Each structure stands twice: as C-alpha cells, then as structure tokens.
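The sequence shown lines up with residues 1426 to 1715 when you count with our numbering. What follows is one structure encoded as structure tokens, with my remarks underneath.
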Amino acid sequence: MAAEPDNGASPALGVIVPAYNEEATVGRIIRRVLLQDCVQQVVIVDDCSSDRTFDRVEAFKDDPRVVLLRHDRNMGKGAAIRTGLAAVTAPVVVIQDADLEYDPVDYPKLIGPILEGRADVVYGVRGFAGQTAYSYWFVRGNRLVTTATNILFNCYIQDMETGFKVMRTSLMRRLGLSGNRFDIEPEITGRVLRLGYRIHEVPIDYYARSREEGKKLTWKDGVKALVTLARIRLASRRRLFGAEDVYHRERHAELAAAPRLPAIPGERHVEVQSGEPHPEADLLNRRPNS
C-alpha cells in the first residue's frame, strides 16, 4: 500500500545558502529557513564577504542542522553552490539566496511533487505583477532568456532564472556543474533539460529588491546566460556528462509510471475502509496512451 503524501512535512530538505556581503539580511533568512519543518540541513557558504556576513551566520553554529563553510577568496555564487552541494546529506536540495527575495515558507509546496514521486526537478515561478523594485528591462530580459530556453530545448517553462530550483540531491550531483558565478543558473537548467527531465513549476511569492538595495545581476549576466544555454544545447551529451549513467534511465522510468494527479489526504484510507478499490480509483494511477 502506498503511503499517504506528507506534503513536504517530514525533514528531507537540504538548503544551500550562498552568501556574499549580506550582513543585513542573512541572519533573518537563516532563522526563517530553520523554522520550516521540512528542513533537514542548512549549508551556509560565505563567499569571502568583506562585511560581517560570517559573523551573522556564526550565531547559528550550535544548531545541529547547520553547516558553516567559508571561501578564503571570493569565487562567485556558482562556486559557493558547488561547495555547498558537496556537503549536503539530505535527499532533496534547494538553493536559497540570502537576500530575502525568496521566502522559505514556500518549501513544502516546492518539495511536495518530489516527495510524492511525480517530479525530480521543481522550479518556483515568480509573479512579477505588482512589483516595483526592478526595471522594465529586468523583466523583459528575464522573459527573453526564458523564451530562449524554451526554443533551444523545445520545452515550456515560465521562469528559467528563478532562484528557487529544487531537485533530488543525487540528480544535482550528476549534472557536472562547473559555473562559478551567475552562469550557474542557466547551466543548471540547460543540463537538466539535456538529460531529458521535465521541470515541474509551482507559483511562489517573490519580494524583489532594487539595485540600490543590493541587486547584483546586470544585463551582462543575461548575455552570459544566453551563451551558456546555447553552449549546452550544442554540446554532445558525452562531452557534458561523460559515459551513459543508468541512474537517469531508471529515474525516467519511475517518473513515467508515477500518477499524474497528486494523491490527497485520506484517499488511500477511503480505499482501505471500503474493502476494495473504487472502480474509478485506478484512473489516478493511469497515464493516457501517448
């Protein structure tokens, strides 16, 4: 009998927090992360900040869920993520920026599809309506890069540059990531899509900050994102990932067999109490003929 879904409640999530000169916000974001019941581990990587960022995160060193790491020189967001990934022991991993733009209260709905077995990769889709902290060109640039992703990889996603990227830790370690700076974002997406995984998307809350408040992305990062996506699309799979890995074949088979509709609390209980499945119950687990 399949277990009831826990909707992200059990501790299964490893959180990577890359931080660079975020002394004003990093303490609050770590507190919010640790309040989430689904969090098993928090790996904080200070990328050689020149302010008091590391002093702020040291306040959490006695929490058994927290791992503190520090670069001895500034290496970039991508390098910090890769450093953090090597230390993650939880089965599911999420990247959490330290700037308060993304709220950890969204974790349960982000990891739900993974824990239910319906997805291996989940992105949080930002809502740009009503936000005034960024420019017209920031929004247009984000949409341009997302559209380029859809064209290059023949997919349909709504927010390639989202900071909330969640996936199985075992998968993320197999991506062969090499980006050191903001190019890590398109690299993750491009490599996931080249491996044939579908990206599941859920809406999230997003609290944008302005350039004056510390926003670090520029138009140059958008150009680099396009170059990164094109490079991954044109490269051979062997060059990107090496020899064929049976892991991906097995994961694709399991995902193909997963129910399309999420289970709901009490669904299995009703089936058990009735003594036999309802004649239509198997529709939840049946995929239409392709």
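Just so you know, even glycine gets a beta-carbon here, dropped at the ideal spot from N, CA and C. Keep in mind that this is a model prediction, so the values were computed, not measured.
Opening and closing residue of the alpha helix (DSSP H) in which residue i lies
{"i": "residue 1503", "result": "1502-1512"}
{"i": "residue 1459", "result": "1451-1459"}
{"i": "residue 1539", "result": "1532-1540"}
{"i": "residue 1477", "result": "No alpha helix (DSSP H) contains residue 1477, which DSSP labels as neither H nor E."}
{"i": "residue 1665", "result": "1662-1666"}
Proximity of residue i and residue j at Cβ, strictly below 7 Å
{"i": "residue 1491", "j": "residue 1440", "result": "no"}
{"i": "residue 1570", "j": "residue 1501", "result": "no"}
{"i": "residue 1578", "j": "residue 1618", "result": "yes"}
{"i": "residue 1610", "j": "residue 1586", "result": "yes"}
{"i": "residue 1545", "j": "residue 1622", "result": "yes"}
{"i": "residue 1551", "j": "residue 1631", "result": "yes"}
{"i": "residue 1471", "j": "residue 1444", "result": "yes"}
{"i": "residue 1721", "j": "residue 1442", "result": "The requested residue 1721 is not part of the displayed model; the chain covers only 1426 to 1715."}
{"i": "residue 1525", "j": "residue 1454", "result": "yes"}
{"i": "residue 1465", "j": "residue 1532", "result": "no"}
{"i": "residue 1436", "j": "residue 1541", "result": "no"}
{"i": "residue 1538", "j": "residue 1457", "result": "no"}
{"i": "residue 1513", "j": "residue 1594", "result": "yes"}
{"i": "residue 1543", "j": "residue 1681", "result": "no"}
{"i": "residue 1438", "j": "residue 1517", "result": "yes"}
{"i": "residue 1481", "j": "residue 1509", "result": "no"}
Local conformation of residue i per DSSP, three classes
{"i": "residue 1566", "result": "helix"}
{"i": "residue 1672", "result": "helix"}
{"i": "residue 1620", "result": "coil"}
{"i": "residue 1597", "result": "helix"}
{"i": "residue 1632", "result": "coil"}
{"i": "residue 1435", "result": "coil"}
{"i": "residue 1441", "result": "strand"}
{"i": "residue 1494", "result": "strand"}
{"i": "residue 1576", "result": "helix"}
{"i": "residue 1626", "result": "strand"}
{"i": "residue 1645", "result": "helix"}
{"i": "residue 1613", "result": "helix"}
{"i": "residue 1657", "result": "helix"}
{"i": "residue 1639", "result": "Any reading at residue 1639 needs caution, since the residue's pLDDT is 48, under 50, leaving its predicted position unreliable; the model's value is listed next. DSSP places residue 1639 in coil when its eight states are reduced to three."}
{"i": "residue 1708", "result": "A caution first: residue 1708 carries a pLDDT of 46, below 50, which makes its placement in the model too unreliable to give a value."}
Given residue i as reference, the closest of the options once Cα atoms are compared
{"i": "residue 1649", "options": "1606, 1623, 1448 and 1624", "result": "1606"}
{"i": "residue 1536", "options": "1588, 1463 and 1481", "result": "1463"}
{"i": "residue 1572", "options": "1686, 1538, 1615 and 1505", "result": "1615"}
{"i": "residue 1652", "options": "1683, 1442, 1677 and 1604", "result": "1604"}
{"i": "residue 1534", "options": "1483, 1509 and 1629", "result": "1629"}
{"i": "residue 1511", "options": "1524, 1541, 1494 and 1498", "result": "1494"}
{"i": "residue 1548", "options": "1583, 1683 and 1486", "result": "1583"}
{"i": "residue 1477", "options": "1486, 1466, 1675 and 1450", "result": "1450"}
{"i": "residue 1503", "options": "1588, 1532, 1661 and 1486", "result": "1588"}
{"i": "residue 1596", "options": "1580, 1541, 1677 and 1574", "result": "1677"}
{"i": "residue 1446", "options": "1437, 1499, 1485 and 1436", "result": "1499"}
{"i": "residue 1475", "options": "1645, 1580, 1497 and 1509", "result": "1497"}
{"i": "residue 1575", "options": "1654, 1448, 1480 and 1481", "result": "1654"}
{"i": "residue 1408", "options": "1448, 1459, 1565 and 1486", "result": "Within the shown structure, residues of the chain are numbered from 1426 to 1715, placing residue 1408 beyond reach of any answer."}
{"i": "residue 1590", "options": "1581, 1527, 1643 and 1663", "result": "1527"}
{"i": "residue 1600", "options": "1564, 1565, 1481 and 1657", "result": "1657"}
{"i": "residue 1580", "options": "1668, 1624 and 1469", "result": "1624"}
{"i": "residue 1665", "options": "1672, 1564, 1612 and 1566", "result": "1612"}
Continuous beta strand (DSSP E) stretch holding residue i: start and end
{"i": "residue 1471", "result": "1464-1471"}
{"i": "residue 1551", "result": "1546-1551"}
{"i": "residue 1520", "result": "1517-1520"}
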